[in-house]
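Chains as they are written, first to last, in my numbering: chain A, 1088 to 1324; chain B, 47 to 645. Report on one structure; see the data block that follows.
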């Protein structure tokens, strides 16, 4: 590692390897930059914009921006966390999120990040979109009400499973959604398997195994034990 | 010919190549009316793409139908200029005559009526697309006749030809529109000079992109030229961005109608400079009617040895292909345009890398505006010194403006850069103007005290739209129209733009219903600050510009709608009962609830 390869994240020195993004270097170092669509195993998607930081005074996505020596990166400032809170509220109002009844509660990156950023209410009027669930598959339930359009399932299915079970399609607030790789549009008519990497990649509660409910009690789950910001290094949402 | 034979013929014409999906889908839909699930499966199998990717693309574009559409699909252009010419009343009348609700296909599958984003006919609206054919200057009389033709199921091809007439409306010519070049003249000059020296001339002329951003064309070409192609398909590409989607812009329509040779010649010169043998022109779907004339212009150039191999007796090889878009404003963004050219949803890429190094099919690609490429012909012919005499120091040459709105002579005006807004208003016969929207909704709205400002990169940069609003117009409604436009056109990729554009639209609608308060104005400013900094591309970054400008310059238009000085909920108890009233057929006092504020 080049000794000059250091940037400042909220005043802390972060070393990096050439070619690493700000997010990669920070995470490797154990520093937390809020994010939802980024995953250490895959190339950056850059859609959630939660990881927006200020680099030398200008806004940028830390998951796509390459680290450069001497960069001054602002991360957990009041200004940026305020923007992030608004982005989180946007997620909560554009979908249908009912945390108390969700099997993912306590293991959900969206919920954990909202706690981390002290989001107290959805603030905006709810959109209440109509997003039918897909319970056709024998082992997996798809509840699109919770989808945050991160595309991690698309990438995992394509790059790890070699299957292309999912694709992002449609446009805008009404159209954009996950497309399933079958003429019926149903998961049962694809070669998706519960053992696929894509089956366990969802950071929220869209892709859930059937017949497995509350195996770990609420209160003892991943983000119940420690906030998401303290699990930066091991967190793979 | 059966449906499968027809689809096979289309697929074969496109070499069963998935990157040509946009063209395959369009051509199949033109034959079948819509893209059924079975059709998409068939196409996906043939091109060897996952079906979900094919349906993902088909569902991204407004002009592709994955559900049955009416045999007549009527789309009213809904730019603010169409609104000012009365399109809302006309569309309403049409729906009444046809017993239709907007956006719904009639029970018998005959017809649907809806709105669409600006179709590029702001100088001759109200405009419609019928089965994706452009019709201009709608009137009540035309409307009545059209409804009759739809009812009698007369094919659109047999409708009165004058309805489809699109006028150029060129009002002022300068060095570009008054050029006296013959086809091949600029290209010969470039070939004679050679690629390096031609590039030098473009740089010395200080030509800047006419799409609005104003990046140096010479630097772009140079970066593309210096980038290495990669892998087996190593090549360089020239892409002409004719996805003229900015509401109120129509200059590219005129250039492609009457100056196509100049545009194709500019593409060829770009090809020579960057070392490309292939050029692609991405034509917006709204200009579908230009496809055949452009194809025949290309054929003429091939016959004249201005395209193809050994052009004009040299070893330069270059050809051009036209790709049609399908109703997506976002494809005007160069990396989204490239995604679309590759058969995918028009989603802007993460940059860097930029298209000049990683563009079409991951190869070095220069994407240039129609007008920029046309202007390069003047430089190739007359040299940089001559060209740089026109315009200003930082903005050389001329700019074509698409003038529309409240003026006597809407149309095309070409000026040397540096012309004042005053001058343009005087020339187009605009009186009592209160505002001009420069460069469309993503541009800037200027008020009367700024009419002394100049059209130039150093003052008012523009892609060409120049929409005039006189003092009778409600600038709040102008901004609300634009807010709806952005909510419709957001690609949905990034959170701030996908959700933010809808939140802004909803807030504007709330204020329009007289339910707004100063709280909502603060919310608009907050969303503006978020979207401007955090969005993935220019669409989200500029989506709040019209709201921001009108809030700062025409505040009373908002304030007179604010009833309360405190927070006002968007939820209206009485309005929430309207469906129940409709279902029960009641409208008596007992079927109404008074809102708390009024109680």
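For glycine and all other residues, C-beta sits at the position ideal for the given N, C-alpha and C. Keep in mind the model is a prediction, meaning the values are calculated, not measured.
Chain B residues whose Cβ lies nearer than 8 Å to that of residue i
i: residue 1134 of chain A; result: 539, 540, 541, 582
i: residue 1212 of chain A; result: 552, 616, 617
i: residue 1146 of chain A; result: 579, 580
i: residue 1139 of chain A; result: 579, 580
Proximity winner among the options, relative to residue i (alpha-carbon distances)
i: residue 537 of chain B; options: B:581, B:49, B:463, B:571; result: B:581
i: residue 649 of chain B; options: B:548, B:117, B:551, B:271; result: Residue 649 of chain B is absent from the model: chain B starts at 47 and stops at 645.
i: residue 1248 of chain A; options: A:1151, A:1257, A:1278, A:1106; result: A:1278
i: residue 425 of chain B; options: B:233, B:471, B:73; result: B:233
i: residue 1266 of chain A; options: B:104, B:533, B:268; result: B:104
i: residue 445 of chain B; options: B:66, B:297, B:143; result: B:297
i: residue 464 of chain B; options: B:504, B:140, B:473, B:491; result: B:504
i: residue 238 of chain B; options: B:453, B:358, B:151, B:308; result: B:358
i: residue 452 of chain B; options: B:557, B:499, B:514, B:402; result: B:514
i: residue 1150 of chain A; options: A:1108, A:1169, A:1176; result: A:1108
i: residue 376 of chain B; options: B:304, B:544, B:245, B:450; result: B:544
i: residue 182 of chain B; options: B:123, B:154, B:200, B:229; result: B:123
i: residue 1217 of chain A; options: A:1190, A:1264, A:1205, A:1275; result: A:1264
i: residue 1198 of chain A; options: A:1210, A:1219, A:1175; result: A:1175
i: residue 1274 of chain A; options: A:1223, A:1185, A:1091, A:1142; result: A:1223
i: residue 49 of chain B; options: B:66, B:89, B:61; result: B:89
i: residue 261 of chain B; options: B:466, B:224, B:413, B:436; result: B:413
i: residue 498 of chain B; options: B:478, B:509, B:470; result: B:470
i: residue 117 of chain B; options: B:397, B:186, B:157; result: B:157
i: residue 592 of chain B; options: B:607, B:92, B:573, B:610; result: B:573
i: residue 173 of chain B; options: B:121, B:74, B:151, B:206; result: B:121
Residue i - partner residues in DSSP beta bridges
i: residue 457 of chain B; result: B:449
i: residue 424 of chain B; result: Its beta-bridge partners do not exist; DSSP assigns none.
i: residue 511 of chain B; result: B:448
i: residue 1160 of chain A; result: A:1096, A:1142
i: residue 329 of chain B; result: B:288, B:370
i: residue 506 of chain B; result: B:501
i: residue 476 of chain B; result: According to DSSP, residue 476 of chain B bridges with nothing at all.
i: residue 262 of chain B; result: B:254
i: residue 516 of chain B; result: B:479
i: residue 1295 of chain A; result: A:1228
i: residue 364 of chain B; result: B:354
i: residue 1152 of chain A; result: For residue 1152 of chain A, which the question treats as bridged, DSSP gives no partner whatsoever.
i: residue 160 of chain B; result: B:121
Residues that residue i contacts on chain A, provided the C-beta gap is smaller than 8 Å
i: residue 105 of chain B; result: 1256, 1257, 1258, 1262, 1266
i: residue 534 of chain B; result: 1259
i: residue 576 of chain B; result: 1170, 1173, 1174
Proximal chain A residues relative to residue i, where beta-carbon distance stays under 7 Å
i: residue 560 of chain B; result: Per Cβ cutoff of 7 Å: no residues; residue 560 of chain B is ~17 Å from chain A at best.
i: residue 549 of chain B; result: 1211
i: residue 544 of chain B; result: 1259, 1260, 1263
Partner residues on chain B for residue i, Cβ-Cβ distance less than 7 Å
i: residue 1151 of chain A; result: 396
i: residue 1113 of chain A; result: What residue 1113 of chain A touches in chain B: nothing, since even the nearest Cβ is about 18 Å away.
Chain-ordered neighbours of residue i on chain B, where CB pairs are closer than 9 Å
i: residue 1131 of chain A; result: 396
Within chain A, the residues that residue i reaches when beta carbons sit closer than 9 Å
i: residue 327 of chain B; result: None at all; the shortest Cβ gap to chain A is about 23 Å.
With 8 Å as the limit, tell me which residues of the segment 1156-1186 of chain A have their beta carbon closer than that to any beta carbon of chain B; keep them in chain order. 1170, 1173, 1174, 1177, 1178, 1180, 1181
So if I threshold CB-CB distances at 9 Å, which residues from the segment 1244-1274 of chain A count as touching chain B?
1245, 1250, 1251, 1252, 1253, 1254, 1255, 1256, 1257, 1258, 1259, 1260, 1261, 1262, 1263, 1264, 1265, 1266, 1267, 1268, 1269, 1270, 1271, 1272
### Task
Could you pull out every unbroken alpha helix (DSSP H) segment of at least 4 residues lying fully inside the segment 176-252 of chain B, listed in chain order?
186-197, 231-239, 241-250
- Only counting runs of 4 or more residues, tell me where the alpha helix (DSSP H) segments fall wholly within the segment 266-321 of chain B, in order along the chain. Within the segment 266-321 of chain B, the complete alpha helix (DSSP H) runs of at least 4 residues are 297-304, 306-320.
Segments assigned alpha helix (DSSP H), at least 4 residues, entirely inside the segment 1179-1252 of chain A: 1196-1203, 1239-1246
* Complete beta strand (DSSP E) runs within the segment 97-150 of chain B (minimum length 3 residues, chain order) -> 118-123
Using a Cβ-Cβ cut-off of less than 8 Å, give me the residues of the segment 75-107 of chain B that come near chain A, in sequence order. 83, 84, 86, 87, 96, 97, 98, 99, 101, 102, 103, 104, 105, 106, 107
Worksheet entry | Residues within the segment 391-420 of chain B neighbouring chain A, beta-carbon criterion of under 7 Å | Only 391, 396 from the segment 391-420 of chain B bring a Cβ to less than 7 Å from some Cβ of chain A.
Which residues, in chain order, does the segment 373-389 of chain B contribute to contact with chain A at a C-beta distance below 9 Å? If the cut-off is 9 Å between Cβ atoms, the segment 373-389 of chain B has 374, 376 near chain A.
As an exercise, report each continuous alpha helix (DSSP H) stretch of at least 4 residues that is fully enclosed by the segment 389-436 of chain B, in chain order.
416-428, 430-434
For a minimum of 4 consecutive residues, which ranges assigned as the alpha helix (DSSP H) are wholly contained in the segment 67-92 of chain B?
67-78
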